[in-house]
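Everything below concerns the one structure shown next.
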Amino acid sequence: MESLSEYHDIVSKQFVSEEERFRFYNTYDLQKGFSVRKSYVEWDGGNQEICLRKMVCSREGFREAKQHINRANKKRRPRNISRVGCKAKLVIAQDRKTGKWFVKDFIDEHSHQLAPPDLACLLRSHRRIRDEQKADIAEMEISGIRKHQIMDILETRYGGYDKVGFIARDIYNFCYRYNQGTIDAGDAKTMISHLGERQQRDPQFFFKYLVDVEGHLKGLFWSDSQSQIDYAAFGDVVIFDSTYRTNKYNMPFVPFVGVNHHRSTVVFGCGIISHETSEAYEWMLRTLSLAMGQKHPISVITNGDLAMQKAIRVVWPNSNHRLCVFHVEQNISRHLHNDEVKAKFKGLLYDRCSVDEIEIKWELFLVKHKVKSEESWLHQMYQMRKLCCDAYQVGHCFLGMRSNQRSESLNAMLHEHLDGKMTLVSMLQHYERNLSDLRRNEAVLDIVALETVPFIEASASIFEKDAARLFTPTVFDVVKFSIRDASECNVMEVLDGCDATSYIGYKKGSRGVLFYVDVEMNERSVIGIRCSCSRIECFGTPCSHIFHVLSFIQAACLPICCVRRRWTTSAKYGLNTTRKSTLYDYSVNLDRYRELRNLSHAASFRASQSIESYERLKKLLSEEVATNDLACGDNDGVWYGPVLPQTQQSDSDTTGMVLDPIRVPGRGAPKKRLQAMPMKKKRSTNKCGHCNGEGHNRRTCSKLKEVVFFDSQ
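This note's numbering puts the first residue of the sequence shown at 178, with every later residue one more than the last.
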């Protein structure tokens, strides 16, 4: 009797629209435990409107016979069979007089087992991502949360998988379709159009791109206004390196980074190039200089890429350039197999003697180890000795850095959520998120430095108290060590000069090495001071020798000449700092949604504390949802996440002519991973495939003409 009554209720029901009919039948089959799909459709005589629609059980029919033939020749694994010939259906037709829909045919007999209530929600027609869920998913994905983690968050929020309304696969499918939809006009065109819009919103935003003769993008550089401010304050030392597999085109990604007043990584700009040639790097460096008002860095740290070296000599001829010590040591392990030679070579790298002395030591080293061939790795290192040996870098400002580890760490952050299949637009969003993280960390350190002062003992010297007040906490820790280490120094002799007084002394345990500190005085005030160890010129903070001399002459305070502004809390004083990233730009509709969502979260939590408030708010929200009931599923033209605003096209705009980059072949693992690969012990016993020699392989053969200094990949 119950089934007959139910059958009568269904066949006698009328619907206002086709969509209402589908929602009704889908709700009905959810209760029964099966899934529905749309099938046959009929149109009116003018093919303008649908007049009949047939909906069937998702297990209706059978798989086509051709799908079972010649399976042995197909590589793809066949999908599981779901069609079993179920006859259940619902046919709806439209009454042309009234315009309403009525049930023309209904069969509710299934030839398969129905799903229990706790599993029916996982059937295909019942899995639907609602619009508000899409907005949350897009927001979490752009924030770097993995898709399986998004599913875990939603399950926790809704109270179980059965209440979420979809499964993890649906999240993957939605994100893929949504990301593809953002680049319908073309990946390169979309990205450049977005950068153009950012430039219109922020006149200080800078970007420039390069195309080949066919119009394919082959070079792009951009830097926002905050990066330019950071360069103005901290652009004395620039570190850059290229990293691969950050996009589906295998184009190397080149970030330009430095160190801020908290000794944290700061980004000055970044770009992508199609090929690592000297011409490409020259274009990149000239573009960076153009963005930064032609301000060249004092010093540059890179890896051993020959194209980079040539570009720096051409574009920044007056900048000090050194090679990353980390990469040099990795190449030592790769090319040298004699422990004695390794030790001698490292001694040449880290010896801080005079230039004349290091030249003599290099000549003796080459003669002793019979290095004559210009093709040998040791001879190449001799030719590049001025870029990697400490003796040639004495007095040059590198802020205590000897490697491009900061660039490597940024690359590691970029690789954390990369799979080598990212579009340029996705790569830009991912880069902006990492940039936002760096700037948020700087903001936290800034507020700590603004609101607090490092703890110091009551018996601390006046220099330590001044240093705690002037330097940022991170730099103060370094300066404090030099202040306390000054007690190990002694002054032996004082020489009075016309312009300055020289103090000659030594440090306990220095094996007779003397230091020379020159002090310029104006009455009782110190107006200039420098030490022979050149720490204040190289690192930017006073050495223990200077602090000892200041104590020796009984200076009343820490002289201003000992305090570099870049290490103080006022490093950006007078510069308009804007740390907020445009990553979180939303459309007007989504801005309203975000504001209402935050308000509703607060209201819902408070209303849940009492039954009366709960019932009142639930009724209010239910009425609002019913009033503004939107169709489920994808909505064309609707943005669910942070919007990439596009510039308006004009007749003179050439953006539409930019084509996507051509995929660069032959890119493997990131360069940094290959260079850091340790040598295996068995290599020392291999025979060379080129000369058949013992103790080395083809890669390190001194007779091979194509030997390179560093790996190009």
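Even for Gly, the Cβ is constructed at its ideal location relative to N, Cα and C. The model shown is predicted, which means the values in this text are computed figures rather than measured ones.
Can you tell me the Cα-Cα spacing of residue i and residue j, whole angstroms?
{"i": "Leu672", "j": "Phe445", "result": "45 Å"}
{"i": "Val571", "j": "Tyr527", "result": "11 Å"}
{"i": "His546", "j": "Lys563", "result": "20 Å"}
{"i": "Trp278", "j": "Tyr202", "result": "13 Å"}
{"i": "Ile535", "j": "Leu525", "result": "7 Å"}
{"i": "Lys549", "j": "Phe632", "result": "58 Å"}
{"i": "Ser613", "j": "Ile258", "result": "48 Å"}
{"i": "Arg230", "j": "Arg273", "result": "14 Å"}
{"i": "Ile730", "j": "Val668", "result": "11 Å"}
{"i": "Asn699", "j": "Asp623", "result": "35 Å"}
{"i": "Glu670", "j": "Tyr608", "result": "56 Å"}
{"i": "Ala626", "j": "Thr442", "result": "17 Å"}
{"i": "Phe239", "j": "Arg254", "result": "19 Å"}
{"i": "Ala620", "j": "Tyr408", "result": "17 Å"}
Using C-beta distances below 7 Å, list every residue in its chain close to residue i, excluding the 5 sequence neighbours before and after it, in chain order.
{"i": "Ile187", "result": "Val280, Phe283"}
{"i": "Phe892", "result": "In the structure as shown, the chain starts at 178 and stops at 890, and residue 892 therefore has no counterpart that could be examined."}
{"i": "Glu286", "result": "Lys264, Ala265"}
{"i": "Trp539", "result": "Leu525, Tyr559, Arg562"}
{"i": "Leu364", "result": "In the sequence under discussion, the amino acid at residue 364 is Asp, which differs from the Leu named in the question. Within the same chain, Asp364 has close Cβ partners Thr600, Leu601, Val602, Asp837."}
{"i": "Cys530", "result": "Ala568"}
{"i": "Val261", "result": "Arg236, Ser288, His289"}
{"i": "Phe522", "result": "Ile509, Leu513"}
{"i": "Ser666", "result": "According to the sequence shown, residue 666 is Cys rather than Ser. Excluding sequence neighbours, Cys666 sits near Gly682, Lys684, Ser721, His722, His725."}
For residue i, which residues of its own chain have a beta-carbon under 8 Å away from its beta-carbon, when the five flanking residues on both sides are left out?
{"i": "Val414", "result": "Gly435, Val436, Pro474, Ile475, Ser476, Val477, Ile478, Cys574, Phe575, Leu576, Met578"}
{"i": "Thr754", "result": "Gln403, Ile406"}
{"i": "Tyr693", "result": "Ser679, Tyr680, Ile681, Cys708, Ser709"}
{"i": "Ala410", "result": "Asn437, His438, Arg743, Ala748, Lys749, Leu752"}
{"i": "Cys738", "result": "Val703, Ile704, Gly705, Ile706"}
{"i": "Tyr184", "result": "Phe283, Asp285"}
{"i": "Val325", "result": "Note that residue 325 corresponds to His in the displayed sequence, not to Val. Answer for His325: Ala345, listed in chain order."}
{"i": "Thr454", "result": "Ala484"}
{"i": "Val193", "result": "Lys277, Trp278"}
Assuming contact is defined by CB atoms lying nearer than 9 Å, are residue i and residue j in contact in what I supplied?
{"i": "Tyr176", "j": "Ala315", "result": "Residue numbering for the chain in the displayed model covers 178 to 890; residue 176 lies beyond these limits and cannot be assessed."}
{"i": "Phe384", "j": "Met604", "result": "no"}
{"i": "Gly392", "j": "Val835", "result": "yes"}
{"i": "Tyr335", "j": "Asp837", "result": "no"}
{"i": "Ala265", "j": "Phe199", "result": "no"}
{"i": "Thr651", "j": "Arg440", "result": "yes"}
{"i": "Cys298", "j": "Leu207", "result": "yes"}
{"i": "Glu714", "j": "Ile704", "result": "no"}
{"i": "Ala270", "j": "Cys228", "result": "yes"}
{"i": "Ile416", "j": "Asn581", "result": "yes"}
{"i": "Phe433", "j": "Leu467", "result": "no"}
{"i": "Leu387", "j": "Trp460", "result": "yes"}
{"i": "Gly396", "j": "Lys472", "result": "no"}
{"i": "Glu332", "j": "Arg774", "result": "no"}
{"i": "Met232", "j": "Leu267", "result": "yes"}
Any heavy atom of the ligand PLP closer than 8 Å to the CB of residue i?
{"i": "Arg688", "result": "Although the ligand PLP was asked about, the structure shown includes no ligands whatsoever."}
Take residue i and list the residues in its own chain whose beta-carbon comes closer than 6 Å to its own, dropping the five residues that flank it on each side.
{"i": "Gly689", "result": "none"}
{"i": "Asp379", "result": "Ser402"}
{"i": "Val656", "result": "Ala644, Phe648, Thr718"}
{"i": "Pro294", "result": "none"}
{"i": "Arg463", "result": "Val492"}
{"i": "Ser419", "result": "Pro429, Val431"}
With which residues is residue i paired in a DSSP beta bridge?
{"i": "Tyr386", "result": "Leu397"}
{"i": "His891", "result": "A question about residue 891 goes unanswered here, because the residues of the chain that appear run from 178 up to 890."}
{"i": "Thr442", "result": "Val436"}
{"i": "Arg146", "result": "In the structure as shown, the chain begins at 178 and stops at 890. Residue 146 is therefore absent and cannot be evaluated."}
{"i": "Ile450", "result": "Gly396"}
{"i": "Phe430", "result": "Thr420, Ile449"}
{"i": "Gln191", "result": "Phe279"}
{"i": "Leu836", "result": "His393"}
{"i": "Val415", "result": "Val477"}
Going along the chain, which unbroken runs of the beta strand (DSSP E) with 3 or more residues stay wholly within the segment 249-324? 266-271, 278-284
Enumerated in chain order, which unbroken segments of the beta strand (DSSP E) with a length of 3 residues or greater are wholly contained in the segment 625-711? 666-673, 678-684, 691-699, 702-708
Would you mind listing the beta strand (DSSP E) stretches within the segment 197-246 that are 3+ residues and don't spill past its ends, in chain order? Whole beta strand (DSSP E) segments, 3+ residues: 213-220, 227-234.
For a minimum of 4 consecutive residues, which ranges assigned as the alpha helix (DSSP H) are wholly contained in the segment 759-797? 765-784
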